[in-house]
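In my numbering, the protein residues as written are 7 to 296. From the three backbone atoms N, C-alpha and C, an ideal C-beta is built for every residue, glycine too. Since the model is a prediction, treat every value here as computed from it, not as a measurement. Notes follow the structure.
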Amino acid sequence: IIRFLLFETGVDVNALNASGATALDILMQSPRDLRDMEIEDLLRGAGAQSARDIRNIEHDWVRAPTKERQILRHRGSALSSKVSESMKPAENKKPTDWLGRKRSSLMVVASLLATVAFQAAITPPGGVWQDDLQVDENGNPVENPHTVGTSVMAYKQGKEYGLVMIFNTISFLASLSIILLLVSGLPIKRRRWMWIQMVIMWVAVSTLVVTYFITLRHMSPNEENVQIVLRKVTEISGWTWLTLMVVVFFGNVVRMNLWILRKYGYIKPKDVEPSNVDDELELGEVRTED
């Protein structure tokens with residue numbers, strides 16, 4: 007959590023609390039153990055300083071002559087540059103924020119899809135048999151026996167039940183795969199890994215849509231007027247979904263091609279505002295005066 011706050015959120019590590027102490031001061035005043043030493047290394051690596059050091063720098067800045075002030079300004083700019091590099095530069099924050107948002111969205115959607123798919127498996131369409139039926143009241147074997155707790159659809163419509171289980175299982179496993187990748191701790195924070203996870207998510211959502219329509223058809227009566235309406239609903243919904251998938255697919259293909267062209271220099275990269283314009287201007291002034 008501390009590493010995330012320091013290197014991905016851009017938090018000010020030298021902020022002062024109501025008592026005028028920085029995070030490093032509070033850490034140094036607490037009981038010391040191995041974990042505290044690791045936290046201290048993280049803070050110092052992110053440019054953390056004690057409140058006394060910060061006040062000394064400010065004091066020296068006010069009392070220093072003009073020439074020395076320029077030197078201090080140059081050193082401060084270099085320090086700011088180091089801190090900004092460790093805290094991710096501005097041009098890298100956008101991809102980091104993009105990846106963070108995508109990871110959060112994928113985790114939420116994958117969890118919901120896994121829950122829906124699991125529920126559809128344990129409570130299949132049409133419900134389950136509530137009794138055992140192996141023999142009739144005379145002790146003779148019945149023509150269509152069934153066992154309590156088994157799916158009614160599996161006995162009545164075996165082919166459709168098989169399709170429901172296939173597509174539902176694909177959706178369930180795809181969702182669990184995304185969750186496993188996100189919580190595995192593997193270094194999969196690059197864009198290409200995120201694209202792969204998004205493709206897996208498309209598979210999970212699409213197979214769940216197919217499961218829904220098969221279930222809807224099974225649970226609808228065989229009356230002619232109902233079947234006509236069901237057919238129209240299925241056709242319109244299916245074509246709408248396919249159109250949306252095609253648009254999303256080609257949109258992402260275009261984005262990927264643009265990213266590749268920018269990476270290899272065929273297209274001019276997007277202009278990114280500098281992370282600290284003031285520091286760069288001050289550093290330029292010192293170099294000019296030197």
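Could you check where the alpha helix (DSSP H) with V252 kicks off and where it finishes?
-> 230-269
Reduced DSSP category for Q203 - H, G, I as helix; E, B as strand; rest coil = helix
Taking just the CA atoms, how far does W245 sit from G257?
-> 18 Å
At a cut-off of 7 Å, is S117 close to the ligand FMN when judged by its beta-carbon and the heavy atoms of the ligand?
-> The ligand FMN is not part of this structure, which contains no ligands at all.
Does the region 155-167 touch the region 123-133, meaning 3 or more C-beta pairs lie closer than 8 Å?
-> yes
As assigned by DSSP and simplified to three states, the class of E46 | helix
Which first and last residues belong to the alpha helix (DSSP H) in which S174 is found?
-> As written in the sequence, residue 174 is Asn, which differs from the Ser given in the question. Element bounds for N174: 164-189.
Report the three-state DSSP secondary structure of S157 (helix, strand or coil).
-> strand
Taking the alpha carbon of M239 as the point to measure from, which residue in V254, M251, F255, I220 has its own alpha carbon closest?
-> Contrary to the premise, residue 239 reads as Val rather than Met in this sequence. It is I220.
Secondary structure at L222, three-state DSSP: helix, strand or coil?
-> helix
Quick one: residues in its chain with C-beta nearer than 8 Å to the C-beta of N174, no 5 flanking neighbours on either side, listed in chain order?
-> A123, A126, A127, T213, L214, T217
According to the Cβ coordinates, are L112 and I184 closer than 8 Å?
-> yes
Three-way DSSP call (helix, strand, coil) for Q140 in this model | strand
Have a look at Y270 and S177 and give me their C-alpha separation to the nearest angstrom.
-> 36 Å
L179 versus L118 - alpha carbon distance | 13 Å
Answer with buried or exposed for V170, where buried requires no fewer than 16 other C-beta atoms within 10 angstroms of its C-beta.
-> buried
For I206, which of R223, P147, L187, H224 has the nearest alpha-carbon?
-> L187
Between L236 and S226, which are expected to be in contact by the criterion C-beta below 8 Å, what is the C-beta distance as a whole number of angstroms?
-> 5 Å
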